[in-house]
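In order, the protein sequences belong to chains C and V. Numbering of the first sequence is given in the numbering used here, commencing with residue 40 and proceeding in unit increments. Numbering of the second sequence is given in the numbering used here, commencing with residue 40 and proceeding in unit increments. What follows is a short report on a single structure.
There are 2 protein chains.
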Amino acid sequence: MRFSCYQDDLNDALQFVMRAVAVKPQTPVLAGVYIKSEGSVLEVQGNNYAVGIIVRIPVSTEDDGEIVVNGKKLQEFVRNMPGRTINVFEEENTLVMESGGASVRLSTMDVQEFPKVKTPEAEMSFKVQSIALHDLLRKTVFAAAGNEGTRPIFTGCCFEVRDELISIVATNTHRLALAKGILSATYNEVSFVVPAVTLRDIMNRINLNDRDTFATINCSTRFVTFTFDNAIVTARLIEGLFPPYDRVIPTSSMTRVIVETQKFKEAIEFVALMAKETEYNTVKLVFNNEAVEVSSDSPEIGDAVKIIDAHIEGDDLEIAFNAAYIVDVLKVIDTEKVELTFNDPFSPAAIFEPGNDNYIYIATPVRT
Amino acid sequence: MRFSCYQDDLNDALQFVMRAVAVKPQTPVLAGVYIKSEGSVLEVQGNNYAVGIIVRIPVSTEDDGEIVVNGKKLQEFVRNMPGRTINVFEEENTLVMESGGASVRLSTMDVQEFPKVKTPEAEMSFKVQSIALHDLLRKTVFAAAGNEGTRPIFTGCCFEVRDELISIVATNTHRLALAKGILSATYNEVSFVVPAVTLRDIMNRINLNDRDTFATINCSTRFVTFTFDNAIVTARLIEGLFPPYDRVIPTSSMTRVIVETQKFKEAIEFVALMAKETEYNTVKLVFNNEAVEVSSDSPEIGDAVKIIDAHIEGDDLEIAFNAAYIVDVLKVIDTEKVELTFNDPFSPAAIFEPGNDNYIYIATPVRT
Numbered sequence: 040m041r042f043s044c045y046q047d048d049l050n051d052a053l054q055f056v057m058r059a060v061a062v063k064p065q066t067p068v069l070a071g072v073y074i075k076s077e078g079s080v081l082e083v084q085g086n087n088y089a090v091g092i093i094v095r096i097p098v099s100t101e102d103d104g105e106i107v108v109n110g111k112k113l114q115e116f117v118r119n120m121p122g123r124t125i126n127v128f129e130e131e132n133t134l135v136m137e138s139g140g141a142s143v144r145l146s147t148m149d150v151q152e153f154p155k156v157k158t159p160e161a162e163m164s165f166k167v168q169s170i171a172l173h174d175l176l177r178k179t180v181f182a183a184a185g186n187e188g189t190r191p192i193f194t195g196c197c198f199e200v201r202d203e204l205i206s207i208v209a210t211n212t213h214r215l216a217l218a219k220g221i222l223s224a225t226y227n228e229v230s231f232v233v234p235a236v237t238l239r240d241i242m243n244r245i246n247l248n249d250r251d252t253f254a255t256i257n258c259s260t261r262f263v264t265f266t267f268d269n270a271i272v273t274a275r276l277i278e279g280l281f282p283p284y285d286r287v288i289p290t291s292s293m294t295r296v297i298v299e300t301q302k303f304k305e306a307i308e309f310v311a312l313m314a315k316e317t318e319y320n321t322v323k324l325v326f327n328n329e330a331v332e333v334s335s336d337s338p339e340i341g342d343a344v345k346i347i348d349a350h351i352e353g354d355d356l357e358i359a360f361n362a363a364y365i366v367d368v369l370k371v372i373d374t375e376k377v378e379l380t381f382n383d384p385f386s387p388a389a390i391f392e393p394g395n396d397n398y399i400y401i402a403t404p405v406r407t
Numbered sequence: 040m041r042f043s044c045y046q047d048d049l050n051d052a053l054q055f056v057m058r059a060v061a062v063k064p065q066t067p068v069l070a071g072v073y074i075k076s077e078g079s080v081l082e083v084q085g086n087n088y089a090v091g092i093i094v095r096i097p098v099s100t101e102d103d104g105e106i107v108v109n110g111k112k113l114q115e116f117v118r119n120m121p122g123r124t125i126n127v128f129e130e131e132n133t134l135v136m137e138s139g140g141a142s143v144r145l146s147t148m149d150v151q152e153f154p155k156v157k158t159p160e161a162e163m164s165f166k167v168q169s170i171a172l173h174d175l176l177r178k179t180v181f182a183a184a185g186n187e188g189t190r191p192i193f194t195g196c197c198f199e200v201r202d203e204l205i206s207i208v209a210t211n212t213h214r215l216a217l218a219k220g221i222l223s224a225t226y227n228e229v230s231f232v233v234p235a236v237t238l239r240d241i242m243n244r245i246n247l248n249d250r251d252t253f254a255t256i257n258c259s260t261r262f263v264t265f266t267f268d269n270a271i272v273t274a275r276l277i278e279g280l281f282p283p284y285d286r287v288i289p290t291s292s293m294t295r296v297i298v299e300t301q302k303f304k305e306a307i308e309f310v311a312l313m314a315k316e317t318e319y320n321t322v323k324l325v326f327n328n329e330a331v332e333v334s335s336d337s338p339e340i341g342d343a344v345k346i347i348d349a350h351i352e353g354d355d356l357e358i359a360f361n362a363a364y365i366v367d368v369l370k371v372i373d374t375e376k377v378e379l380t381f382n383d384p385f386s387p388a389a390i391f392e393p394g395n396d397n398y399i400y401i402a403t404p405v406r407t
């Protein structure tokens with residue numbers, strides 16, 4: 040193996056591939072990254088069995104070859120290489136990298152032991168514009184549960200494809216986000232649940248400047264594969280049935296509020312400083328008289344209040360939420376104003392962009 | 040109490056004062072910050088008995104008064120206040136702050152219970168230019184020990200004043216930094232040891248743009264007080280005798296090296312990526328043939344090497360150090376080139392700015 044490449048390209052590839060390398064690997068080879076140079080393409084792979092990532096970058100290869108080395112050390116050195124290009128070759132079970140007067144030698148591991156990323160045969164396959172996928176993910180992934188003792192199904196996002204419609208849903212049972220998009224062709228019905236942590240990695244990888252690329256999504260019974268121009272991500276699906284969520288979406292409302300997104304977010308963030316160490320991080324919202332009073336209090340410490348203008352239709356209302364559940368969605372609302380609908384202090388509220396039927400967020404109030 | 044002030048001023052005062060407020064206070068009032076408004080001056084105090092800080096800022100007072108409130112919450116709200124000015128008043132055991140449409144109420148604590156900062160009568164007092172003090176501290180404080188099981192005396196910096204000379208020394212027994220300066224008057228001999236953590240806070244507080252201010256340093260048997268134009272810091276001294284350090288400073292050398300400071304620092308930081316998870320974080324330096332080879336290796340992982348130009352006089356040498364002990368001092372060396380002198384691989388090395396007799400850093404090598 041002997042090739043040279045740009046430090047930027049290899050650094051970028053390793054940064055993504057390392058998302059599939061176990062932090063605490065069960066066997067040494069799982070701390071490794073697989074590298075294959077062949078002609079003008081270098082393939083970099085990481086695999087922790089739950090997720091596998093392949094990235095391809097342009098290189099100038101003198102001798103084809105494949106190798107496995109410690110991923111963390113490789114990434115650290117490549118990131119800090121003093122030169123703009125890196126010359127890489129293999130020599131006596133060692134990967135040698137030379138750049139800008141520095142030389143790094145990393146012991147290689149047995150290539151045969153490395154679990155190369157497999158892309159299972161697809162039972163169903165569809166295409167989605169990369170930036171459209173990014174938008175769907177940005178508006179939903181945050182609403183999934185973390186790993187704190189919830190059922191595994193809630194740590195994933197449910198993809199549903201039917202005809203030319205795709206929808207992605209995430210919920211931690213206290214809040215839910217649902218985003219819909221239109222595909223450029225008609226597909227058979229399919230639904231599957233992908234770990235949110237992997238979707239976040241995919242979202243962060245999508246280049247928002249690149250409006251012309253598509254992702255091909257292949258799914259089989261147990262795996263999903265996202266194929267981009269220069270990267271492939273394959274992830275084990277979360278097993279189980281995603282709960283029916285249609286009935287938690289309110290169909291009518293008693294109070295309808297329109298408020299400036301940014302001002303509303305800042306007001307909640309400010310008053311929530313009072314509550315942030317308390318159990319429910321609760322903020323109270325009082326809607327009446329064309330204003331919303333945002334407040335929070337903490338026993339023995341004090342309270343904070345901010346009043347902002349609002350357009351209100353229907354009943355006056357006093358309701359309380361976990362501040363994070365409202366702030367999280369206001370961060371992904373792209374419109375200057377945001378619309379909220381309520382029924383009563385005990386029923387879920389709906390939050391959305393005015394006039395946009397393709398996104399809805401539901402938050403359950405806190406009882407005070 | 041009723042006053043108004045700039046958000047920036049109060050935020051700045053609280054940021055510094057909070058350095059003297061216990062993170063885990065033994066009694067609730069020690070989580071408090073004391074505030075006194077009187078005429079055009081607001082005094083803000085924090086005190087954890089080991090360190091007390093007073094900051095004074097300009098305000099416009101309507102009613103004089105004094106109050107104690109939770110420091111952390113006060114700081115968080117003041118930092119995030121939406122307006123440029125803040126109106127503050129007391130109302131029924133509550134401090135009320137209003138700014139930019141937001142209103143915050145914080146419960147007050149008993150002013151009588153708060154341990155107001157005392158400035159013990161000075162047995163000896165001297166003056167030093169603030170930016171000169173900053174420079175002395177920047178070059179020494181980092182060399183003190185952390186709190187990890189060393190003798191308390193090594194967690195401090197030793198101040199020594201004699202005639203018109205001030206020197207500050209810090210050591211963790213493996214490395215030592217000594218910086219000297221000239222005072223503008225002649226003083227009686229005195230020496231005392233101040234906690235490094237407090238000196239770091241003082242250093243960060245000094246405004247480097249202000250070349251005309253002086254710090255007055257008062258010391259008594261058990262306390263030292265630093266008085267600046269708008270702030271006073273009083274700290275309990277570390278008891279015990281600072282060990283004699285003169286004899287660890289080499290008086291001769293077999294190898295003398297001059298190398299570019301920045302390149303040397305970058306080379307060590309780069310190769311040390313290999314060793315950074317190992318116990319001693321060791322880098323090896325080989326000086327010969329007008330070059331220094333900087334290298335590091337990690338068993339089973341690999342090795343890294345960078346060679347940089349050097350001017351070398353005397354014997355060739357191979358020596359190893361904890362990488363951090365060399366990088367730390369290279370960060371505070373202000374000259375383009377740095378000078379190092381050595382005797383043998385087992386004896387301490389000296390590092391300094393060429394031609395500057397007022398600063399020396401000593402590092403003990405690692406035996407490999």
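In this text, a Cβ means the ideal position worked out from N, Cα and C, and glycines have one as well.
The beta strand (DSSP E) enclosing residue i, as first and last residue numbers
{"i": "C:Met136", "result": "133 to 138"}
{"i": "V:Thr300", "result": "Run containing V:Thr300: none in the beta strand (DSSP E); it sits in the alpha helix (DSSP H), 300 to 310."}
{"i": "V:Phe360", "result": "356 to 361"}
{"i": "V:Asn242", "result": "Sequence check: residue 242 of chain V is Met here, not Asn. Run containing V:Met242: none in the beta strand (DSSP E); it sits in the alpha helix (DSSP H), 235 to 244."}
{"i": "V:Leu324", "result": "321 to 327"}
{"i": "V:Asn397", "result": "Premise fails: V:Asn397 is in no beta strand (DSSP E) and is neither H nor E."}
{"i": "C:Thr124", "result": "124 to 129"}
{"i": "V:Tyr73", "result": "71 to 77"}
Close beta carbons around residue i, own chain, < 6 angstroms, minus the five adjacent residues each side
{"i": "V:Thr237", "result": "Val90, Ala274"}
{"i": "C:Val371", "result": "Arg177, Lys178"}
{"i": "V:Val80", "result": "Arg95"}
{"i": "C:Asn327", "result": "Asp355"}
{"i": "V:Gly353", "result": "Met293, Thr294, Arg295"}
Neighbour list for residue i in chain C, Cβ cutoff strictly below 8 angstroms
{"i": "V:Thr133", "result": "Gly341"}
{"i": "V:Ser142", "result": "Ala343, Val344, Lys345"}
Cβ neighbour criterion (16 or more within 10 Å) applied to residue i
{"i": "C:Gly71", "result": "buried"}
{"i": "C:Leu175", "result": "buried"}
{"i": "V:Leu280", "result": "exposed"}
{"i": "C:Ile288", "result": "exposed"}
{"i": "V:Leu49", "result": "buried"}
{"i": "V:Lys345", "result": "buried"}
{"i": "V:Thr290", "result": "exposed"}
{"i": "C:Gln151", "result": "exposed"}
{"i": "V:Tyr73", "result": "buried"}
Residues that residue i contacts on chain V, provided the C-beta gap is smaller than 8 angstroms
{"i": "C:Leu145", "result": "Ile340, Gly341"}
{"i": "C:Pro121", "result": "Glu305, Phe309, Lys345"}
Beta-carbon contacts of residue i that lie in its chain and below 7 angstroms, excluding the five residues immediately before and after
{"i": "C:Asn109", "result": "Ala70, Gly71, Leu145"}
{"i": "V:Arg190", "result": "none"}
Where the alpha helix (DSSP H) through residue i begins and ends
{"i": "V:Leu175", "result": "169 to 177"}
{"i": "C:Ala55", "result": "Checking the sequence shown, residue 55 of chain C turns out to be Phe, not Ala. Looking at the DSSP string, the run of the alpha helix (DSSP H) that includes C:Phe55 is 46 to 56."}
{"i": "V:Asn116", "result": "Per the sequence presented here, residue 116 of chain V reads as Phe, with Asn not at that position. Residues 110 to 119."}
Close Cβ partners of residue i (< 8 angstroms) along its chain, the five nearest in sequence each way excluded
{"i": "V:Ile347", "result": "Val298, Glu299, Lys302, Phe303, Ala306, Ala330, Val331, Val333"}
{"i": "C:Ser337", "result": "Met313, Ala314, Glu316, Thr317"}
Contact list for residue i against chain C, beta-carbon separation under 9 angstroms
{"i": "V:Glu115", "result": "Leu312, Met313, Lys315"}
Cβ of residue i within 7 angstroms of any chain D Cβ
{"i": "V:Lys112", "result": "Note that chain D does not occur in the displayed structure, where the protein chains are C and V."}
7 angstroms Cβ cut-off: residues of chain V touching residue i
{"i": "C:Asn109", "result": "Ile340"}
* Touching by the beta-carbon criterion (3+ pairs, under 8 angstroms), the segment 396 to 407 of chain C and the segment 52 to 69 of chain V -> no
* Asked: How about the segment 171 to 179 of chain C and the segment 371 to 391 of chain V: do they share at least three Cβ pairs that are nearer than 8 angstroms?
  -> no
* To do: State whether the segment 135 to 153 of chain C contacts the segment 111 to 120 of chain C, with contact taken as three or more CB pairs (one from each stretch) at a distance under 8 angstroms.
  => yes
* Is it a yes or a no for the segment 159 to 174 of chain C touching the segment 257 to 274 of chain C, going by three-plus beta-carbon pairs under 8 angstroms? -> yes
* Is the segment 226 to 243 of chain C touching the segment 265 to 273 of chain C in the sense that three or more CB pairs, one from each, lie closer than 8 angstroms? -> yes
* Asked: Counting pairs of beta carbons, one from the segment 192 to 207 of chain C and one from the segment 215 to 226 of chain C, are three or more of them closer than 8 angstroms?
  -> yes
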